[in-house]
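Heads up, the thing below is written out as structure tokens.
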Amino acid sequence: MWQQILILGLISGGKYALLALGFSLIYGVARIMNLSHTAYYMMSAYLILYLNQVLHVPLLLSMLIAIVAVVVIGLACYKFVIAPVRERFTTVLIVTLVLAIAAQEVVLLTFGGYYRTLPKLIPGNTYLFGIQLTKQHLLTLLIVVAVLIAFWLLLFKTKLGVAIRAMAQDREAANLMGIPESRIATITVAISVALAALGGAVVAPLYILDPVMWVHPLVVVMAAVILGGLGSIKGSIIGAFVLAFTEVLLVLNMPQLSYLKGAISMLVMLVILMIRPEGLFGIFMEGER
-12 MWQQILILGL
-2 ISGGKYALLA
8 LGFSLIYGVA
18 RIMNLSHTAY
28 YMMSAYLILY
38 LNQVLHVPLL
48 LSMLIAIVAV
58 VVIGLACYKF
68 VIAPVRERFT
78 TVLIVTLVLA
88 IAAQEVVLLT
98 FGGYYRTLPK
108 LIPGNTYLFG
118 IQLTKQHLLT
128 LLIVVAVLIA
138 FWLLLFKTKL
148 GVAIRAMAQD
158 REAANLMGIP
168 ESRIATITVA
178 ISVALAALGG
188 AVVAPLYILD
198 PVMWVHPLVV
208 VMAAVILGGL
218 GSIKGSIIGA
228 FVLAFTEVLL
238 VLNMPQLSYL
248 KGAISMLVML
258 VILMIRPEGL
268 FGIFMEGER
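FYI, the numbering for the sequence shown is -12 to 276, going by this note's numbering.
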């Protein structure tokens, strides 16, 4: 039983961690609460579906094309829709929510409200800790680990990472040091959207696709980011895995209540915030920033 909880929690947590990383990153650097973030996750999955099943592009190539295309779409949305109002918090919330709903409606009109599935990139099953799982699940887990390591190296071992962290720590001081705010914000948006698109690409063969598949991850990701401490990269990752394991425990032990997964995530977040209002790793005590 514990092996199943461990494996499913790691896989689900990895998906949420990719999304939470991007969400937290763009908030930390540009102070944008992007409610359309998980819509890019959905768009990536459906673009892969269209390329693979309508245009008959090989699955791996479809994933690569979809990630690039979604990044371009995300950058366009930022430049022409979000950036002009980024200093107005409430307006940003409304605009990004409208973008997410618009993406949902485009998918609904294009593909209908039917559930869709994609073939596995790597078919077949394997065993891990005595638990049978698909090779696609194992591949997803390995990709998530690789991306988390690569992201850490980018953030802490490169000049770009130093600039991103400086901008997140103190925007005015970073500007005085000659760090180009607009350029760093644009690069951060690209990385954020790429993480969401990658999340959609790696889980698309594992889950059933539907036009509202962005809603539940958005609830969990927001809960994870707030739980970990707004703007804290480390906190977002830990929060994502905490909520993922909570969901897995609920589904395995009380499957009849699985539809309450989102509510459970919010409940866990509220309990933690009652104990630590700044979250697990609040910004003001965040050494990494």
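By construction, the Cβ of each residue, glycine as well, lies at the ideal position given by its N, Cα and C atoms.
Item	Value
Cβ neighbours of Ala150 in the same chain (closer than 6 Å, five flanking residues each side left out)	Ile166, Ile171
Nearest residue (CA-CA) to Phe10, options Leu193, Pro242, Ala177, Tyr246	Ala177
Close-in-space but distant-in-sequence residues of the same chain around Leu38 (CB under 7 Å, 5 per side omitted)	Val44, Ser49, Ile52, Ala53
Three-pair Cβ contact test at 8 Å for the stretch 206 to 216 versus the stretch -12 to 6	yes
Runs of alpha helix (DSSP H) lying entirely within the stretch 125 to 172, each at least 4 residues, in chain order	146 to 156, 158 to 163
Cutoff 6 Å; reference Gln119; Cβ partners in own chain excluding five residues on either side	Asn112
With 16 other Cβ atoms within 10 Å as the buried cut-off, status of Pro264	exposed
Three CB pairs or more closer than 8 Å across the stretch 187 to 195 and the stretch 114 to 128	yes
Classification of Leu105 by the beta-carbon crowding that lies within 10 angstroms, buried from 16 upward	buried
Rounded separation between Thr173 and Leu62 - CA only	7 Å
Segments of 3+ residues assigned as beta strand (DSSP E) that fall wholly inside the stretch 18 to 56	none
Identified DSSP bridge partners for Arg103	Leu196
Alpha carbon of Leu(-3) to alpha carbon of Met30, nearest angstrom	24 Å
Any non-hydrogen atom of the ligand ATP closer than 7 Å to Arg263 Cβ	As far as ligands go, the structure on display features none, and thus does not contain the ligand ATP.
Candidates Val131, Asp197, Lys248: closest to Ala90 by CA position	Asp197
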